[in-house]
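Novice: Protein chains in written order, with my numbering: chain A, 57 to 404; chain B, 4 to 253; chain C, 523 to 828.
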Amino acid sequence: MVDTTLTPAASAAHAAAAGAARWRPAPHLCVAGLLLAGLALVPLFSLWLGQSFYVTLVSRIMILALAAVGLNLVMGYGALVSFGHALYIGVGAYVVGILSFHGIANGWVHLAVALVGGGALAALVGLVCLRAQGVAFIMITLAFAQMFYFLAVSLKAYGGDDGFAIAARSDFGVVDLNNSVTLYYVIFAALAGTLFCLHRLVHARFGMVLQGCRSNERRMRALGFPTGQVKLTAYVISALVCVLAGMLLANLTRFVSPSYMHWLLSGDLVVIVVLGGLGTLLGPVVGAVLWLVMEEALSSFHLTGGPLDELVRTHWLGVAGFVALVVALALKHGVYGALVARFEGRSS
Amino acid sequence: MTSLHVEGLVKRFGGLTATDNFKLDVRPGEIHALIGPNGAGKTTLINQLSGELQPDAGSILLDGAEIVHRPVQWRALNGIARSYQITSVFSEFTALQNVMLGVQGQCGGSFSFWQPVSRDRTLVEPALALLRQVGLADVAHRRVSSLAHGARRQLELAITMALKPKVMLLDEPMAGMSHQESQEMVALLRAIKGRYSIVLVEHDMDAVFALADRVTVMVYGRSIACGTPDAIRNHPEVRSAYLGDEEVVA
Amino acid sequence: MTASLLLTQLLNGFQLGVLLFLLSAGLTLVLGIMHVINLAHGTLFMMGAYFAATVFGWTDSFALAALAAVGGSLLLGLVIERVVIVHLYERDHLYQVLATFGVILIFNEIARYGWGTSPVFMAVPEMLSGTVDLFGLAYPAYRIAIIGVGLAVGAALYVVVHKTRVGMLIRAGATDAGMVSALGVNIRGLNAMVFAAGAALAGLAGLMAGPILSVQPGMGEPILILTLVVLITGGVGSIRGAVYGALIVGIVDTVGRAFLPNLMREVMERSTAQAAGPAIASMLIYLLMAAVLAVRPAGLFPVKHG
Chain A
57 MVDTTLTPAA
67 SAAHAAAAGA
77 ARWRPAPHLC
87 VAGLLLAGLA
97 LVPLFSLWLG
107 QSFYVTLVSR
117 IMILALAAVG
127 LNLVMGYGAL
137 VSFGHALYIG
147 VGAYVVGILS
157 FHGIANGWVH
167 LAVALVGGGA
177 LAALVGLVCL
187 RAQGVAFIMI
197 TLAFAQMFYF
207 LAVSLKAYGG
217 DDGFAIAARS
227 DFGVVDLNNS
237 VTLYYVIFAA
247 LAGTLFCLHR
257 LVHARFGMVL
267 QGCRSNERRM
277 RALGFPTGQV
287 KLTAYVISAL
297 VCVLAGMLLA
307 NLTRFVSPSY
317 MHWLLSGDLV
327 VIVVLGGLGT
337 LLGPVVGAVL
347 WLVMEEALSS
357 FHLTGGPLDE
367 LVRTHWLGVA
377 GFVALVVALA
387 LKHGVYGALV
397 ARFEGRSS
Chain B
4 MTSLHVEGLV
14 KRFGGLTATD
24 NFKLDVRPGE
34 IHALIGPNGA
44 GKTTLINQLS
54 GELQPDAGSI
64 LLDGAEIVHR
74 PVQWRALNGI
84 ARSYQITSVF
94 SEFTALQNVM
104 LGVQGQCGGS
114 FSFWQPVSRD
124 RTLVEPALAL
134 LRQVGLADVA
144 HRRVSSLAHG
154 ARRQLELAIT
164 MALKPKVMLL
174 DEPMAGMSHQ
184 ESQEMVALLR
194 AIKGRYSIVL
204 VEHDMDAVFA
214 LADRVTVMVY
224 GRSIACGTPD
234 AIRNHPEVRS
244 AYLGDEEVVA
Chain C
523 MTASLLLTQL
533 LNGFQLGVLL
543 FLLSAGLTLV
553 LGIMHVINLA
563 HGTLFMMGAY
573 FAATVFGWTD
583 SFALAALAAV
593 GGSLLLGLVI
603 ERVVIVHLYE
613 RDHLYQVLAT
623 FGVILIFNEI
633 ARYGWGTSPV
643 FMAVPEMLSG
653 TVDLFGLAYP
663 AYRIAIIGVG
673 LAVGAALYVV
683 VHKTRVGMLI
693 RAGATDAGMV
703 SALGVNIRGL
713 NAMVFAAGAA
723 LAGLAGLMAG
733 PILSVQPGMG
743 EPILILTLVV
753 LITGGVGSIR
763 GAVYGALIVG
773 IVDTVGRAFL
783 PNLMREVMER
793 STAQAAGPAI
803 ASMLIYLLMA
813 AVLAVRPAGL
823 FPVKHG
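1) Let me see if you follow: with CB-CB separation under 8 Å, is Val-406 (chain A) close to chain B or not?
2) For the stretch 128-158 of chain A, enumerate the residues whose C-beta is nearer than 8 Å to any C-beta of chain C, in chain order.
3) Terminal residues of the continuous alpha helix (DSSP H) containing Phe-25 (chain B)?
4) Provide the residue(s) that pair with Gly-230 (chain B) in DSSP beta bridges, ordered along the chain.
5) Check the Cβ-Cβ distances between Arg-187 (chain A) and every residue of chain B, and say whether any is below 8 Å.
6) Please list, in chain order, the chain B residues whose beta carbon lies closer than 8 Å to that of His-259 (chain A).
7) When you compare the stretch 160-167 of chain B with the stretch 75-87 of chain B, are there three or more beta-carbon pairs, one atom per stretch, that lie closer than 8 Å?
8) With distance defined between alpha-carbon atoms, name the residue in B:His-144, B:Gly-153, B:Glu-159 and B:Arg-73 nearest to Gly-105 (chain B).
9) For a cutoff of 8 Å on Cβ pairs, would you count Leu-104 (chain B) as touching chain A?
10) Note down the Cα distance separating Pro-168 (chain B) from Leu-129 (chain A), rounded to an integer number of angstroms.
11) What do you reckon, are the CB atoms on Leu-598 (chain C) and Met-569 (chain C) nearer than 8 Å?
12) Starting from the Cα of Leu-748 (chain C), find the closest Cα among C:Thr-524, C:Phe-543 and C:Leu-528 and give me that residue.
13) Quick check: what's the CA-CA separation for Leu-359 (chain A) versus Pro-340 (chain A)?
14) Would you tell me roughly how many angstroms separate the C-alpha atoms of Arg-270 (chain A) and Phe-193 (chain A), rounded to the nearest one?
15) Within 10 angstroms of the Cβ of Gly-174 (chain A), are there 16 or more other Cβ atoms? Answer buried if so, exposed if not.
16) Considering Cα atoms alone, identify which of A:Gly-146, A:Val-382 and A:Phe-139 is closest to Phe-220 (chain A).
17) Among the residues of its own chain, which have a CB less than 8 Å from the CB of Gly-75 (chain A), if the five just before and after it don't count?
18) In the DSSP output, which residue or residues are listed as bridge partners for Met-171 (chain B)?
19) Using 8 Å as the limit for Cβ to Cβ distance, is Met-811 (chain C) near chain A?
20) Under the assumption that Leu-131 (chain B) contacts Ala-140 (chain B) (Cβ atoms under 8 Å), give the Cβ distance between them as a whole number of angstroms.
21) In terms of DSSP beta bridges, what is His-35 (chain B) paired with?
22) Using a C-beta to C-beta distance shorter than 7 Å, which residues of chain C count as neighbours of Val-327 (chain A)?
23) Could you tell me which uninterrupted alpha helix (DSSP H) segments, each at least 4 residues in length, are contained entirely in the stretch 215-278 of chain A, listed from first to last along the chain?
24) Would Val-184 (chain A) and Leu-815 (chain C) qualify as a contact pair, given that the criterion is a beta-carbon distance under 8 Å?
25) Please state if the CB of His-259 (chain A) and the CB of Ser-115 (chain B) are separated by a distance shorter than 8 Å.
26) With DSSP collapsed to three states, give me the class of Asp-582 (chain C).
27) Under 9 Å between beta-carbons, which chain C residues line up against Ala-213 (chain A)? List them in chain order, please.
28) Does Thr-47 (chain B) come out as helix, strand or coil in the three-state DSSP assignment?
29) Mind checking if Ser-210 (chain A) is an interface residue toward chain B, Cβ cutoff 8 Å exclusive?
30) So, is the C-beta of Gly-108 (chain B) closer than 8 Å to a C-beta in chain A?
31) Kindly provide the ranges of any alpha helix (DSSP H) runs that are 4 or more residues long and lie completely inside the stretch 630-705 of chain C, ordered along the chain.
32) In terms of DSSP beta bridges, what is Val-312 (chain A) paired with?
33) Between the stretch 89-102 of chain A and the stretch 156-166 of chain A, do three or more beta carbon pairs fall short of 8 Å?
34) Under 8 Å between C-beta atoms, does Ile-555 (chain C) make it to chain A?
35) Kindly list the residues whose CB is nearer than 6 Å to the CB of Ala-178 (chain A), restricted to its own chain and excluding five residues on each side of it in sequence; keep chain order.
36) Report yes or no: is there a C-beta of chain B within less than 8 Å of the C-beta of Gly-163 (chain A)?
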């Protein structure tokens with residue numbers, strides 16, 4: 057009876073305690089279950105309301121959640137703060153866009169090129185970035201993402217700064233992504249599948265080494281672990297998750313632009329992970345829901361009926377910045393993470 | 004059984020010579036204590052033996068083979084394990100997971116992505132055995148952050164042993180322990196004596212005389228004496244070096 | 523590629539380097555001594571530019587504009603330090619980055635609210651609007667002035683850091699902040715002062731950039747990222763690294779952008795060069811940074827820690 061979303065330590069502690077105590081449903085697990093169930097039911101809800109808007113909105117939320125889940129692997133479990141992960145979202149999107157532009161619409165080709173190309177790029181970038189220690193790592197990931205942003209902007213053939221539209225969504229043969237509900241469930245499957253795979257990874261040997269590096273890297277080296285290789289591998293895996301998110305984003309919006317790899321989006325990802333719960337599997341999903349719902353609420357603010365509404369609607373990004381500031385200063389474990397921490401506190 | 008031989012080791016930090024032509028000879032299977040006043044450079048020496056610090060000159064021979072240029076990971080995988088004076092464990096993990104990491108380090112396989120470690124017998128069983136050996140079996144599933152200092156020092160030793168080393172470098176394993184706890188640690192070390200070649204850095208003189216086959220005295224980075232505990236006890240230079248510090252004479 | 527063109531670009535690069543140095547010095551001191559990474563440093567630069575442009579627009583007095591820029595940024599820096607930064611000293615870099623990211627967003631919107639989205643125009647001051655004759659080249663006097671101010675500030679910083687007691691504390695703090703604090707120095711006061719000084723330098727850079735860059739919301743971030751490249755290349759926490767790093771980045775970026783596309787047109791066929799030239803030119807300093815990191819992971823002039 058090993059918990060799926062706790063950290064491995066709490067899992068072990070809980071498993072031991074569970075033998076002695078009566079099994080109580082963990083509150084955060086209930087939240088997790090409800091969240092996933094809720095996500096699965098959104099299209100039906102949307103259909104009932106006759107509003108396709110919610111399908112699009114929650115599709116976007118899930119894509120961002122997916123990217124944040126990827127970032128969480130290196131940031132939460134590996135303590136490598138990357139402020140440039142949106143780069144890989146851009147890579148995924150541009151692969152889909154450029155291949156479509158040149159007439160290659162086969163989704164499997166898109167996927168293969170994106171994963172192989174994105175993986176190679178991530179290995180190269182990761183290799184350079186990991187040379188830098190501590191705070192320099194953060195700075196260099198930001199700098200490199202910016203470099204590729206400039207590269208994307210300079211691609212005049214592909215729209216440059218404005219980006220370009222994609223004629224049709226990736227053709228996977230078995231599913232028709234042009235149906236928004238089908239696309240929604242493909243995104244949901246990608247998110248759920250990634251969560252499951254990362255859950256296995258985090259509890260496997262690799263995950264333990266990664267977390268060991270976060271906890272005490274000096275000791276890990278003294279125990280003979282190839283810490284550099286492990287960190288690079290984790291970085292590449294997390295990048296690939298973001299590449300997948302980018303592919304899905306291009307398909308959803310049918311648009312590709314350099315803004316997908318802008319450092320502001322990288323910053324959003326960092327906020328989302330911390331807001332939800334650093335180092336918990338579902339934290340980033342909760343964070344993405346909260347952050348994007350807040351964005352929507354702010355940009356269509358209509359509470360007071362006075363001039364304040366207009367102010368908030370125009371300058372919602374400033375309010376978002378204020379929230380990010382408060383999250384950084386005041387939030388210890390993130391919203392979902394706090395639930396997990398309280399449960400872990402009780403069981404150990 | 005493995006021998007460790009250090010010759011002419013030098014380490015300078017700017018104007019300070021921390022290790023000054025140091026010589027050490029550890030015979031196979033012996034417990035070789037390293038004592039000396041505070042600031043003598045003992046931990047710096049251990050760092051150089053483990054590979055975490057590169058000496059400026061000198062040689063380190065493991066069973067006759069030169070290893071002075073080998074990196075930390077290589078040494079850990081080829082027989083050298085060390086414990087830390089300031090406890091260096093993984094506080095967010097349980098005691099069991101800590102030792103399992105040590106076991107995992109020894110048998111490799113960091114790139115396994117699917118099988119949960121909690122169900123991996125090849126990691127769990129040796130780790131539990133080690134915990135039993137150091138007397139921590141009943142706190143196996145407790146988070147290390149909730150363990151007392153003495154228990155953490157025992158865990159420190161368990162992790163070091165998990166590497167199945169040939170040579171163990173123990174940096175003040177009894178640091179900060181109560182008298183009772185120290186005695187337990189001494190009993191433990193006596194039980195594993197002969198299985199490894201051990202360099203034991205310690206301030207606790209009772210422990211040193213109870214355990215050591217030979218003792219090297221280090222002062223200002225140099226080795227000023229080496230011999231059996233009795234010979235060291237009566238050595239005039241050692242007495243004067245310790246004047247004002249702990250009483251060496253029984 | 524004529525000699526005068528090369529000289530112009532070299533001088534432009536030097537001038538960019540000076541601006542980057544002013545920004546890097548502040549950022550590297552805050553990072554090196556207080557161990558705080560302040561992404562909102564570009565914001566202080568932007569606000570300095572806005573203060574300068576606004577006051578210059580009202581009064582036509584460059585002196586008053588300078589006072590507004592430097593003084594305003596200094597005050598803003600003090601406020602940010604007391605309200606935000608003070609909570610970040612002991613925290614993980616992740617939260618520092620997150621908090622200052624929030625500050626960036628807040629102030630970009632404040633700028634948008636106060637001045638609108640379109641760039642605010644700031645004219646080059648009258649007395650510096652001419653050109654100076656340098657080896658037969660007519661180079662804008664204003665840019666020469668920037669270089670001059672930069673060198674003067676650099677010299678002043680050198681004197682303060684190496685010849686005064688405060689500077690000694692700063693250098694000591696850069697090597698071992700904990701020890702300085704343990705010696706009874708008012709570390710909070712020192713921190714606030716260092717942060718405010720960095721803010722003032724950023725404001726000065728904003729003042730000088732006003733006439734030559736677009737003063738608009740978000741102008742601080744591209745400069746911030748260039749500053750980060752300087753820090754990584756030169757060495758975090760090192761003033762010498764900031765000096766040389768800034769000059770290298772400034773010159774390589776400017777000269778690269780000016781000449782690389784032409785160079786590539788000589789070597790490869792037109793259409794590829796047209797496409798690739800500007801792209802690679804804009805990537806040049808990042809590639810340089812990667813190359814430096816490959817050889818020297820701690821930067822070119824790293825601070826040696828005790």
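We put the beta carbon where it would ideally sit given N, CA and C, even for glycine.
Specialist: If we stick to the structure as given:
1) The first residue shown for chain A is 57 and the last is 404, placing residue 406 (chain A) beyond what the model contains.
2) Residues Met-131, Val-137 and Phe-139.
3) Looking at the DSSP string, Phe-25 (chain B) is not in any alpha helix (DSSP H); the run it does join, the beta strand (DSSP E), is 19-29.
4) According to DSSP, Gly-230 (chain B) bridges with B:Val-218.
5) Not an interface residue.
6) Here the neighbours are Pro-119, Val-120 and Ser-121.
7) They touch, by the three-pair rule.
8) Of the candidates B:His-144, B:Gly-153, B:Glu-159 and B:Arg-73, the one whose C-alpha sits nearest the C-alpha of Gly-105 (chain B) is B:Glu-159.
9) Closer than 8 Å: yes.
10) When rounded, the distance between both Cα atoms is 32 Å.
11) Yes. Within cutoff.
12) C:Phe-543 is the residue among C:Thr-524, C:Phe-543 and C:Leu-528 whose C-alpha sits nearest the C-alpha of Leu-748 (chain C).
13) Approximately 28 Å between the Cα atoms of the pair.
14) CA-to-CA, the gap between Arg-270 (chain A) and Phe-193 (chain A) works out to about 14 Å.
15) If you draw a 10 Å sphere on the C-beta of Gly-174 (chain A), you find 16 or more other C-beta atoms in it, and that means buried.
16) The shortest C-alpha separation from Phe-220 (chain A) is found at A:Gly-146.
17) With a pLDDT of only 45 at Gly-75 (chain A), under the threshold of 50, the placement of this residue in the model should not be trusted; the figure read from the coordinates follows. Around Gly-75 (chain A): no qualifying Cβ.
18) Answer is B:Ala-84 and B:Ile-201, bridged to Met-171 (chain B).
19) Met-811 (chain C) counts as touching chain A.
20) Yes, Leu-131 (chain B) and Ala-140 (chain B) are in contact; Cβ-Cβ is about 7 Å, under 8 Å.
21) Answer is B:Val-202 and B:Arg-217, bridged to His-35 (chain B).
22) Those are Leu-620, listed as they occur along chain C.
23) You should have 236-259 and 261-278.
24) The criterion of a C-beta distance shorter than 8 Å is satisfied by Val-184 (chain A) and Leu-815 (chain C).
25) Taking 8 Å as the Cβ cut-off, Ser-115 (chain B) and His-259 (chain A) do not qualify as a contacting pair.
26) Coil, per DSSP.
27) The contacting residues are Ala-797.
28) It is helical.
29) No, no contact with chain B.
30) So yes, Gly-108 (chain B) belongs to the interface.
31) Taking only runs of at least 4 residues, the alpha helix (DSSP H) segments lying wholly in the stretch 630-705 of chain C are 663-685, 687-697 and 699-704.
32) Val-312 (chain A) is bridged by DSSP to A:Phe-220.
33) A contact is defined here as three or more CB-CB pairs under 8 Å, and the stretch 89-102 of chain A fails this definition with respect to the stretch 156-166 of chain A.
34) Not closer than 8 Å to any Cβ of chain A, the Cβ of Ile-555 (chain C) fails to qualify, so no.
35) So the qualifying residues of the chain are Val-292 and Ala-295.
36) With its beta carbon at least 8 Å from every one in chain B, Gly-163 (chain A) lies outside the interface.
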